[in-house]
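>
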Amino acid sequence: MSAIEKLAAEIGTFNVSPGLRGIPVGDAPISSADIPDAHWRPAGGEMSLPLLTLDLQAYEANKKTMLGICSDFDCQIAPHAKTPMSPVLARDLVSAGAWGVSVADLRQAEVMLHHGLRRVLIANEIGGKSAVTRLARLLRNYSDAEIFMFVDSTDVVSALAGSWLGDDTLPPLNLLVEVGCGRGGVNSDTEARHLVRSIAALNSEHIRLAGIAAYEGTANRPDEKELLANLDDLFDRVSFALKAARETVGPERPLVLSMGGSSLFDYVLDRCRPIVDGDSNVTLLLRSGACFFSDHGPIRARLQAISSRGILGKAASDSIARAFMPVLRIWAEVLSTNGPHDAICGFGLRDVAHDQGLPVPVAVWRDGERVMTLGDVSVVSKLNDQHAFVHAPELGLSVGDVIEFGIKHPCTTIDKHDVIFGLDERGEVKVALRTFFG
7 MSAIEKLAAE IGTFNVSPGL RGIPVGDAPI SSADIPDAHW RPAGGEMSLP
57 LLTLDLQAYE ANKKTMLGIC SDFDCQIAPH AKTPMSPVLA RDLVSAGAWG
107 VSVADLRQAE VMLHHGLRRV LIANEIGGKS AVTRLARLLR NYSDAEIFMF
157 VDSTDVVSAL AGSWLGDDTL PPLNLLVEVG CGRGGVNSDT EARHLVRSIA
207 ALNSEHIRLA GIAAYEGTAN RPDEKELLAN LDDLFDRVSF ALKAARETVG
257 PERPLVLSMG GSSLFDYVLD RCRPIVDGDS NVTLLLRSGA CFFSDHGPIR
307 ARLQAISSRG ILGKAASDSI ARAFMPVLRI WAEVLSTNGP HDAICGFGLR
357 DVAHDQGLPV PVAVWRDGER VMTLGDVSVV SKLNDQHAFV HAPELGLSVG
407 DVIEFGIKHP CTTIDKHDVI FGLDERGEVK VALRTFFG
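What the sequence shown shows, in my numbering, is residues 7 to 444, in sequence order.
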């Protein structure tokens, strides 16, 4: 039994009712713990389609690669849970060596805390006084939590101080000043220094200045010169902010420098190393999340671009080139054929991402057997709400064939599904993972 299967049995068991994608119609409700004994296969005909699967073997390989990179480059990672919103996968990554987990908002934080995650980075601003009240209400239930969060204004720091100072029922807050890059964050060195000093002036162990954060993904541009200019500016301001934080809190306090998504983490590792060198009390913390899932589109292309740039050296580049294989698939049935070249499949806009490209036909299954690997010989030309138009010249697709599709953009595919079915190397369901997108 894999680590994910064990965790699912420990913290992720739920009642599976008819009406969920993938569950055979007409079946009585069952426990997710009993699904592996049913030997379901998406290609086998018994599961309702469409459904979403995760290749467990490929996921393990991606996990090993990314955690290995972190080890090799002396950094930590708090994978962003917004991608799968699966507490089981989040716990699996932490068990494998991740520092903690990143989330985007208070609801996501509550999901992770409820399922036993205790070191949570809220990688976003949370709002104003009402949001602070909601945060306090949440954290009174988790006094053992270790919470880190982004801030970019003295207003929210004042609101936090109003709720936290003098209230021993609340866990300490670790604040990261976010340096902006076209989204949230402070936009000048002056603002950064002022906010750093404002937090430190509270002189409290209950609300602590814990470091600096930024998100470099918004610096990305098609033109390399423009990208590099944006990164130069961002890293200069990050360096200034971290120095201001260190000067303010003194040499002994542990600080965090958190950056790094899945597209430009090579620049982060390369450019942040000189910033933190010489300060053994700074932890460089990535937040990459989509890399563990990859895709048949822009995520994998950006990861391959990291390999091609070679910034991290030959060994890392070669490892990245071989790894980060797409792990997610949508499975759907051919409902109708329009002549010899076109088929209509039973999935659509409600089932799969379409913001960064349309899904990619990967293979055809007939009577439970793989009969065709599609490669570049077919495309999805259009999606309706619940129909996909597949152009497949001369492939002889038949009504009832099951087509396996790769996806483009994991974040906006998984959020359409309440359950991810984990498949073994035989294509058999070994675990059902519940998602919590609300």
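Even glycine gets a Cβ: it sits at the ideal position worked out from N, Cα and C.
Would you call the region 49-69 and the region 277-294 touching, i.e. three or more CB-CB distances under 8 Å?
Contact between the region 49-69 and the region 277-294 is absent, because fewer than three Cβ pairs lie under 8 Å.
> Which of helix, strand or coil does DSSP assign to N236?
Looking at N236 - three-state DSSP - the assignment turns out to be helix.
> Starting from M378 and walking both ways along the beta strand (DSSP E), at which residues does that stretch end?
For M378, the uninterrupted beta strand (DSSP E) segment begins and ends at E375 to T379.
> DSSP puts K388 in a beta bridge; with which residues?
F395
> Could you tell me the alpha carbon to alpha carbon distance between D391 and L112, rounded to whole angstroms?
31 Å
> Nearest to D161 by alpha carbon, out of A369, M91, G133 and R252?
Put simply, of A369, M91, G133 and R252 the residue whose alpha carbon is nearest the alpha carbon of D161 is G133.
> Cβ of L334 within 9 Å of Cβ of I213?
no
> Mind listing, in chain order, the continuous alpha helix (DSSP H) runs of no fewer than 4 residues lying wholly within the region 85-167?
93-101, 112-120 and 135-145
> Give a yes or no on contact between the region 51-62 and the region 71-87, applying the rule of three or more CB pairs nearer than 8 Å.
no
> Is the beta carbon of P365 closer than 9 Å to that of G412?
yes
> Is the beta carbon of T224 less than 9 Å from the beta carbon of G172?
No; because the gap between Cβ atoms is not below 9 Å, this pair is not in contact.
> Name the two residues that bound the continuous beta strand (DSSP E) containing S342.
L334 to N344
> Can you grab the Cα-Cα spacing for the pair I41 / A15, in whole Å?
11 Å
> Do G18 and L439 have their beta-carbon atoms positioned less than 9 Å apart in this structure?
yes
> Decide if D211 is buried, meaning its Cβ has at least 16 other Cβ atoms within 10 Å, or exposed.
It is worth fixing the name first, because residue 211 is Glu in this sequence and not Asp. Answer is exposed; the Cβ neighbour count stays below 16.
> In terms of alpha-carbon separation, which member of G444, H86, M331 and V383 lies closest to K414?
M331
> If you compare alpha carbons, which of V368, R252, E400 and Q310 is closest to P346?
E400
> With a Cβ-Cβ cutoff of 9 Å, do A296 and P416 count as a contact?
yes
> In this structure, does DSSP put G74 in helix, strand or coil?
It is helical.
> For W371, does the three-state DSSP call read helix, strand or coil?
Note: W371 maps to strand in three-state DSSP.
> As a quick exercise: from V126, A44, E222 and S314, pick the residue whose alpha carbon is nearest that of D238.
Distances from the alpha-carbon of D238 to those of V126, A44, E222 and S314 put E222 closest.
> Use the C-beta contact count for P367: other C-beta atoms within 10 angstroms, 16 or more gives buried, fewer gives exposed.
buried
> How far does the alpha helix (DSSP H) with S314 in it extend, from its first residue to its last?
Boundaries of the alpha helix (DSSP H) around S314: P304 to R315.
> Would you call the CB atoms of F156 and E184 closer than 9 Å?
yes
> Ignore the nearest five residues each way along the sequence and tell me which others in R227's own chain have a CB closer than 7 Å to its CB.
L233 and N236
> So N193 and G186 are supposed to be a Cβ contact under 8 Å. How far apart are they, rounded?
5 Å
> By how many angstroms is the C-alpha of L57 removed from the C-alpha of V358?
When rounded, the distance between both Cα atoms is 10 Å.
> What residue from Q362, I350, A369 and R199 has the CA that sits closest to S159's CA?
That would be R199, whose Cα lies nearest to the Cα of S159.
> Is the beta carbon of L263 less than 9 Å from the beta carbon of A219?
yes
> When the distance is taken between beta carbons, is T139 closer than 9 Å to I326?
no
> With DSSP collapsed to three states, give me the class of E52.
The three-state reading of DSSP puts E52 in coil, since its state is none of H, G, I, E or B.
> Measuring alpha carbon to alpha carbon, tell me which residue in A207, L215 and F271 is nearest R259.
L215
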